[in-house]
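Numbering-wise (this note's numbering), the sequence shown opens with residue 65 and increments by one.
One structure is given here, and the rest of the page talks about it.
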Amino acid sequence: MKSHPLLSAIPAALAAAFAQTAAAQPIVHESLGEPVIVTATRFPEQSIDVIGRVVTISREEITASGALSVPDVLRRVTGLQVRGLYGGVAGDTAVDMRGFGEGGAQRVLVLLNGRRLNPLDSAAVDWSQVPLGRIERIEVRHGSGAIQYGDNAVGGVINIITSTDEEGGSVSAGWGSFDTRELSADYATRSGELSIALSADHRASRGWRDNNRQEQNALAANLAYALERGEITLEAGGAKTRFGLPGALTNAQYDDDPRQAETDDSFAKRDSAYVRPGVRYALSDTLEFAAELGLGETRGRSFISNWPTFQDRETRTLSLTPRLKWAHGLGSLASTTVIGFDHYDGRLDADSAASPSGLTTNSVRIDQQSDAFYVHNHTMLTDALTVSVGARRQNVDQSARDSGGKRRDNDHAETIWEAGASWRITQAVRVFTRFGETFRFANLDELTTFGGFVSQPVRPEVGDFVDVGAEFSGTGWRLGVTAYNLDMTDEIAYNPMTFENENLARSRHRGVQVDGSVVLARDWRLGGGITWQKAEFRGGDNRGERLPLVPEWSANANLTWSGPSGWSANAAANFVGARHYAGDNANAFRRLPSYTVVDLAVSKRIDAWTLRARALNLFDRKYAPTAFNYGFGESYYPADGRTLMVDARYAF
């Protein structure tokens, strides 16, 4: 399979751009004492107007955490379960919200500046596309975002927003355990109306486990030209990730030595590239237009030697996402409506063989076209009471064929609605509720099997949800409480008995999440939360049984100290309760034990320098965030042991 020219052209273009010095920043969205949130409406909004629970992680919190990757940051967010297979580079890390377990990654939408990072197939999000050092903030929206975004946004939405408002740059280097090396650089400047922000990242490690050598390289550029009433933007980037696949361990192997590998020659490679021009323009004082045109490509190659299986896969996506924001009013009431259209055209090509040098045994091509129209209205009934209502209609046409002449069409359409209200009772108390419908279509992998295609069409999964919450705040403290219930029908999952993805019996996801923070003293801040959740089948042979890999209890806490003379420190603990092994839908076997992991970071600022020491899994806890048992014995994917890192950053 030949790689498309975009995969090689974009990194080359970005490397050339790094040699230039002209550029500037996109327009800065200012707030009036309230954080700006873009996730809820796909336009910048004051957080006071957002209905639902949205948690914002600031750049300062990310820096203080000592996180090595975006998944490391997300582990600190109450209500999120972050699971990786091989740690380190985080090239295979999944995020779960609202208790979907093994399929959680397919129900959480991840965005980078509003651009989808979720692939067309079942592969994990390519976190290497995110320049960690240039993140301005991360918005985590708990609960469905399907009205605004459609597919994947069943359990929640994570929008990563990179910095565009600071001129200057930085260079950093780090060293650590398992021969880990980190190098990164970023630069942003402005020349009149033109702006640019550039970043480059490199990370390599031999890995904690055997056959787990990892390397990650990424380049990204954000350009903008400011207009009198808007801006024209261009985002482009590319990333290359390489890592060994040590495989799963039996129970005996896990107990004997969790660092050993099942195979010593299995591997995975992934190359990705994207380009995304966009425009935002105020047509009048009450009408704003925004749109992006996106082209993305990913090529992935993987070899599992003990099957043996080699796959060479390439996905391409073309997207067009125009939308209008109309502040039309409703009589004397302030009322705003967002109307949008999403078009996605995707293609998957996959070649299979017994080895990297073997003859192709089967080729599969799947084409997908998705078109959606949505409308969403916010109306302020009073200065303190806001209501919203929205609807979305989405059609997906999927067509699959292979080299053996097999064909399968899987075309579906869904129409959903949502309503909500937010009431600020006092300046210190806000309550809200959201209720409506959500959905997800089968991804392209879920139409295939080892031998070809599924024998029956895979229906879309649909759900009804209700969220109720409250937020309280005072001088130096805040507290949020959210309760939810989500009833799903036709949830899509792998059936180990038929070796196919199919629609399962109905399920229910419900829980209560409490999180907050408090300033203990002038230099000390404590944050964290606790989540109770219950995900169970509500039909079929396993009615009443728990969904695998979903803990009933989880909690997190972090303590930050900002000391004198540039010193600071952060300690964080993450607890995940016992849960059933993946594949154990009948809850017939013992559960995976609970675990608690503690991280620590200490830093010192000296003029333009920042020196930092980090320890992840400080107490060298032995645990497996992911493990399987389909009735043939247990298999474990151990997490990394203690990881120590030191780095130095120079800002200019």
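Positions of the beta carbon are idealized from the N, C-alpha and C atoms, including for glycine.
Buried is the label assigned to THR105, since at least 16 other Cβ atoms lie within 10 Å of its Cβ. Secondary structure at GLY540: coil, using DSSP grouped into helix, strand and coil. Closest option to TYR213, judged by alpha-carbon separation, among VAL189, ALA337, THR425, ALA455: ALA455. If you look at ARG123, you'll find it isn't in any beta strand (DSSP E); it sits in the alpha helix (DSSP H) that goes 123-129. DSSP places SER192 within a helical segment (H, G or I) once states are collapsed to three. The residue from GLY301, GLU501, VAL137 with its alpha-carbon nearest to that of ARG123 is VAL137. Taking the Cα of VAL134 as reference, the smallest distance to any Cα among PRO183, SER192, ASN177, LEU184 is reached at SER192. Looking at the DSSP output, GLY364 shares a beta bridge with ARG334, ARG377.
Contact annotation, ASP190 with ARG306: C-beta distance approximately 13 Å; criterion of less than 8 Å not satisfied.
With at least 16 other beta carbons inside 10 angstroms of its own, THR707 counts as buried. By the criterion of a C-beta distance shorter than 8 Å, GLY165 is surrounded in its chain by ALA599, LEU611, PRO612, LEU613, VAL614, ARG643, ALA646, once the five residues flanking it on both sides are discounted.
For THR512, the closest of GLU566, ASP265, ARG685, GLU246 by C-alpha to C-alpha distance is GLU566. The three-state reading of DSSP puts SER208 in coil, since its state is none of H, G, I, E or B. Shown here for ASN177: same chain residues with a beta carbon closer than 7 Å to its own, the five before and five after excluded, namely ILE225, THR226, GLU299 in chain order. Each of GLY580, ASP274, GLY533 was checked against the Cα of GLY591, and the nearest Cα belongs to GLY580. Rounded to the nearest angstrom, the Cβ distance from ARG140 to GLY544 is 15 Å, too far for a contact under 8 Å. In this model, LEU196 and ILE202 are separated by some 11 Å (Cα to Cα). Taking 9 Å as the cut-off, the Cβ atoms of VAL172 and VAL221 count as close. For TRP487 and PHE496, the gap between their C-alpha atoms comes out near 6 Å.
In the DSSP assignment, ILE489 is bridged to no other residue. Between the alpha carbons of GLY240 and SER269 lies a gap of roughly 9 Å. Taking a cut-off of 8 Å for Cβ pairs, the segment 496-506 and the segment 518-528 touch, as three or more such pairs fall below it. Its chain contains ARG162, GLY163, LEU550, ALA599 as the residues whose beta carbon lies nearer than 6 Å to that of HIS573, once the 5 sequence neighbours on both sides are disregarded; these appear in chain order. For ASP473, the enclosing beta strand (DSSP E) starts and ends at 471-473.
Fully contained in the segment 410-463 is no alpha helix (DSSP H) run of length 4 or more. Between the C-alpha atoms of VAL583 and TRP541 there is a straight-line separation of about 6 Å. By the CB criterion at 9 Å, ARG344 and THR385 fall outside the cutoff.
In this structure, the beta-carbon distance from SER263 to ASP509 does not fall below 9 Å.
Residue pairing by DSSP places GLN280 opposite ARG267, THR305 in a beta bridge. Cα atoms of SER519 and ASN426: separation of roughly 17 Å, rounded to the nearest angstrom. In the structure shown, ASP684 adopts coil according to DSSP, grouped into three states.
Here the alpha carbon of SER234 sits roughly 48 Å from the alpha carbon of ALA477. For VAL428 and ARG465, the gap between their C-alpha atoms comes out near 6 Å. Secondary structure at PRO310: coil, using DSSP grouped into helix, strand and coil. When DSSP reads this structure, GLN577 sits in a beta bridge with THR546, THR595. Between ALA712 and SER416, the beta carbon gap of about 46 Å keeps them out of contact (Cβ cut-off 8 Å).
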